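Counting from 2, one number per residue, gives the positions in the sequence shown under this note's numbering.
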Amino acid sequence: MDVSRRQHLPACRQATPTSFLPLFVLAMCGAFPQLAQGQEELPLVEPVQLIEFGDTWQFREGNLEGERQPLLDGQHAPLEESWYEGATPFLARSEAVQDELERMDRRRRRRGSRHQSSTVDGTLEVYDASAYAIPPGMPSDYEPGPHNYVLRRTFTVDDPASLVSAFLEVRFSGGFVAYLNGREWIRHNVNTANETGLADIVWQPGWVAQTVGNVWQRAFTGLPTDRLVEGENDLTIVLYRRWSGGSRALYFDAQLRVYDENGFIKTPYLQAVTMNGISVMWETTAPGVGFVEYGSGSVLNRVASSPRVASTLQEVRIEDLEPDTRYFYRVHTVLADDPTQVVSSPMYYFRTAVPEGQPFTFLLYGDNRTNSETHSTLVQRMIADGRESDARFIVNTGDLTTNASWWDEWQDEFFEPALPLLSYFPIYAALGNHEGNHETWYEYLSLPNNESWYSFRYGDAEFFGLNTSAGLEQGTAQYEWLENALASSEATWKIAFFHHPPYSCVPIRKPGSPVIQENLVPLFETYGVQLVMLGHDHLYGRSYPLNGVTYVISGGGGASTYPAEPDEFNEICVQTHHYCIVRVTPSSVSLEATTIEGELLDSFTLTP
2 MDVSRRQHLP
12 ACRQATPTSF
22 LPLFVLAMCG
32 AFPQLAQGQE
42 ELPLVEPVQL
52 IEFGDTWQFR
62 EGNLEGERQP
72 LLDGQHAPLE
82 ESWYEGATPF
92 LARSEAVQDE
102 LERMDRRRRR
112 RGSRHQSSTV
122 DGTLEVYDAS
132 AYAIPPGMPS
142 DYEPGPHNYV
152 LRRTFTVDDP
162 ASLVSAFLEV
172 RFSGGFVAYL
182 NGREWIRHNV
192 NTANETGLAD
202 IVWQPGWVAQ
212 TVGNVWQRAF
222 TGLPTDRLVE
232 GENDLTIVLY
242 RRWSGGSRAL
252 YFDAQLRVYD
262 ENGFIKTPYL
272 QAVTMNGISV
282 MWETTAPGVG
292 FVEYGSGSVL
302 NRVASSPRVA
312 STLQEVRIED
322 LEPDTRYFYR
332 VHTVLADDPT
342 QVVSSPMYYF
352 RTAVPEGQPF
362 TFLLYGDNRT
372 NSETHSTLVQ
382 RMIADGRESD
392 ARFIVNTGDL
402 TTNASWWDEW
412 QDEFFEPALP
422 LLSYFPIYAA
432 LGNHEGNHET
442 WYEYLSLPNN
452 ESWYSFRYGD
462 AEFFGLNTSA
472 GLEQGTAQYE
482 WLENALASSE
492 ATWKIAFFHH
502 PPYSCVPIRK
512 PGSPVIQENL
522 VPLFETYGVQ
532 LVMLGHDHLY
542 GRSYPLNGVT
552 YVISGGGGAS
562 TYPAEPDEFN
572 EICVQTHHYC
582 IVRVTPSSVS
592 LEATTIEGEL
602 LDSFTLTP
């Protein structure tokens with residue numbers, strides 16, 4: 002998540018740069034009760050479900066001339082003959098596309114495949130494109146069809162005054178505008194100045210995936226609840242299709258939740274630590290302005306703040322810190338709707354990076370997706386070992402979630418299990434194939450460079466985090482960046498980490514990724530990379546030294562494990578959940594792999 006403007010205070014009494022914070026809040030600096038290490042974890046606020054994915058909605062085709070949704074006057078219009086009912090997901094596409102998909106399905110059935118692309122587990126509308134005129138000014142690849150569909154769903158609220166915010170997650174193609182009880186609530190990919198009735202899409206850089214199968218999925222948190230009424234409420238979605246590029250179908254599904262208390266959705270988590278700074282992120286149920294109070298002693302006498310724009314998801318960069326120093330901190334969000342209300346965390350701590358010449362320790366694991374209970378058990382062991390070994394940060398080799406476009410999977414599979422660890426130990430993560438380069442990665446994480454591939458220096462080591470789901474071949478942006486970064490590195494230890502192994506331990510995946518073998522491995526060997534840390538295979542594996550490079554697979558963070566088989570590349574391969582403790586000194590790098598039961602699995606030491 003990129004934050005372009007940050008404020009920093011060297012001391013609480015110097016409040017001018019953050020004058021937007023209420024003075025009473027700044028006056029509280031250092032006055033909060035200090036909570037001891039080992040405190041009980043702060044519970045996360047759970048939402049209340051009002052509409053679920055797959056529920057039944059009313060729908061009808063929108064205005065064919067492309068004007069904005071008519072007849073939205075704030076009243077609950079009766080169900081007319083022009084409205085139909087059906088379960089979501091809702092999908093509307095042309096007869097030509099439907100006919101082609103049915104032909105493909107027939108060919109698949111003849112080959113014995115059960116995959117059916119011509120059906121949908123919800124409501125399918127097929128339209129005749131020839132019945133629609135092409136509006137003037139459309140590009141040559143414009144396909145005639147309905148510009149929009151209108152979908153409605155009613156729901157009941159018993160006590161709207163008790164609610165602090167709403168959460169709307171929408172799966173859609175193109176763009177949409179949501180109306181709550183007849184008044185616009187939120188819009189996405191639809192420009193207010195556009196009168197064509199079609200979606201306006203702002204595309205991210207090429208390595209960022211905004212859609213999965215031509216479908217956007219976005220979660221909107223912190224929505225106001227002042228338009229809710231006691232009893233029946235109406236949510237209307239106007240769904241706009243794309244006019245160019247990709248699928249022209251109209252797809253929709255949604256869920257609606259509310260929060261009935263102020264609190265944390267995500268407690269603080271740390272990232273991007275250096276000798277002089279660190280980033281802190283957290284999320285609350287209601288939007289506000291965030292700030293962090295911190296100090297190197299028992300009194301938290303300094304403040305760093307987020308940008309002035311109110312948000313539920315906060316990112317604060319703390320600067321001007323001392324190297325290799327423990328700092329205590331806690332976070333606060335001053336609520337936008339009521340600045341007298343502040344959501345505050347317990348106290349945590351972090352350590353800044355060590356300078357060159359000093360040893361340090363970090364923890365390594367990956368592929369924590371799918372099984373949150375296993376992930377949570379592993380995290381508790383990592384917390385204990387991390388404190389005992391004075392670990393400074395975490396490296397995760399990817400697949401933090403099963404499907405990165407789903408908000409619940411980020412929350413259930415990654416954040417809820419890992420937050421007790423990440424409040425104390427900063428994380429550096431590599432994109433896995435299950436993240437799919439989805440844009441949520443760039444919102445929830447704060448990493449160097451473009452957050453897809455990056456490097457960071459820590460002590461005598463330089464780390465290179467890569468994205469093996471993006472282009473790796475010679476001539477690609479990532480390849481050119483990596484070669485330049487390796488060539489210019491003066492670190493004693495060069496350590497790379499990414500998701501896909503060049504040499505797999507899993508029988509059905511052997512020998513590994515040919516793209517990585519052909520493109521990245523020669524760079525590692527040429528520029529003296531000594532250790533490469535990997536995931537993807539749900540097991541622990543360690544290669545023989547291969548032309549000076551040792552490859553370690555740490556993919557046992559929670560997902561179901563895979564069969565393991567040593568071979569001419571891999572000296573040890575074990576099917577087990579695990580994590581690793583890595584110690585770096587000026588003269589050695591040593592690694593210990595520990596099973597989820599706490600047993601030593603493997604250990605080795607590298608020397609220059």
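Beta carbons: idealized from backbone N, C-alpha and C, even for Gly. Owing to the predicted nature of the structure, the values given are computational and were not obtained by experimental measurement.
Could you have a look at residue i and say whether DSSP puts it in helix, strand or coil?
i	result
V84	Correcting the residue identity first, residue 84 is Trp in this sequence and not Val. Three-state DSSP puts W84 in coil, outside helix and strand.
A478	helix
P418	helix
S390	helix
H189	strand
W407	coil
D603	strand
P288	strand
I384	helix
S166	strand
T157	strand
E96	helix
D413	helix
L251	strand
A132	helix
S591	strand
E47	coil
S312	strand
H376	helix
Does the beta-carbon distance from residue i to residue j come in below 8 Å?
i	j	result
F156	I187	no
Q531	W494	yes
G274	F394	One point to set straight first is that residue 274 is Val, not Gly, in the sequence displayed. Contact flag set, yes.
V611	N438	Coverage of the chain is limited to positions 2 through 609, which leaves residue 611 absent and any answer about it impossible.
H537	G557	no
E181	L236	Residue 181 is actually Leu in this sequence, not Glu. Yes, Cβ-Cβ distance for L181 and L236 is below 8 Å.
A405	W442	yes
S490	H501	no
Identify, in the order they occur along the chain, each residue of the same chain with its Cβ nearer than 6 Å to the Cβ of residue i, setting aside the five sequence neighbours on each side.
i	result
P360	T586
Q99	V127
L467	W454, F499
T608	S589
T606	S589, S591
A167	L224, T226, V259
V355	D325, F361, G460
Measure from the alpha carbon of residue i to the alpha carbon of each residue in the options, then state which is nearest.
i	options	result
I554	F499, S588, G599	F499
T577	L601, V533, V583, F570	L601
Y150	S505, A560, A93, E436	A93
P508	E566, H539, R107, V317	E566
A497	Y480, A488, F525, P515	F525
T286	V335, F253, S299	V335
V216	S174, T120, N520	S174
G232	A134, N263, A162	A162
S390	G513, C581, A167	C581
G358	E474, G460, S248, L164	G460
T124	S470, L521, T89, D413	T89
A516	W407, Q475, S166	The sequence given here has Val at residue 516, not Ala. Selected option, being the one with the closest Cα: Q475.
R104	S114, S119, F91, G113	S119
Y85	R61, L102, E96	R61
D56	H148, R107, G529, R153	R153
Y504	V522, A488, R458	V522
P546	G264, I573, E185, T562	I573
S83	A97, G63, E101, E96	G63
So, for residue i: in the same chain, excluding its five sequence neighbours on each side, which residues have a beta-carbon less than 7 Å away from its beta-carbon?
i	result
L169	A179, I187, F221, L224, A255, L257
H189	G176, F177, R219
E417	L45, S373
P288	G223, A311, S312, T313, A337
E593	C581, I582, L601, S604
V575	L540, Y541, A565, L602
Less than 8 Å between C-beta atoms, sequence neighbours within five positions excluded: which residues of the same chain meet that for residue i?
i	result
N277	E320, D321, L322, E323, P324, T353
Y270	V281, M282, W283, F416, A419, L420, L423, S424, I428
I135	Y143, P145
May I ask whether a heavy atom of the ligand GTP can be found less than 7 Å away from the beta carbon of residue i?
i	result
E481	As for the ligand GTP, it is missing from this structure, which has no ligand bound.
- Output the residue ranges of the alpha helix (DSSP H) runs that lie fully inside the segment 486-546 and measure 4 residues or longer, sorted by chain position. Listed in chain order, they are 515-527.
- Which residue spans inside the segment 98-130 form an unbroken beta strand (DSSP E) run of at least 3? 124-128
- Message: List, from N- to C-terminal side, the alpha helix (DSSP H) runs of 4 residues or more that fit wholly inside the segment 422-459.
- Response: 440-445
- Mind listing, in chain order, the continuous beta strand (DSSP E) runs of no fewer than 3 residues lying wholly within the segment 324-370? 327-336, 343-345, 349-352, 361-366
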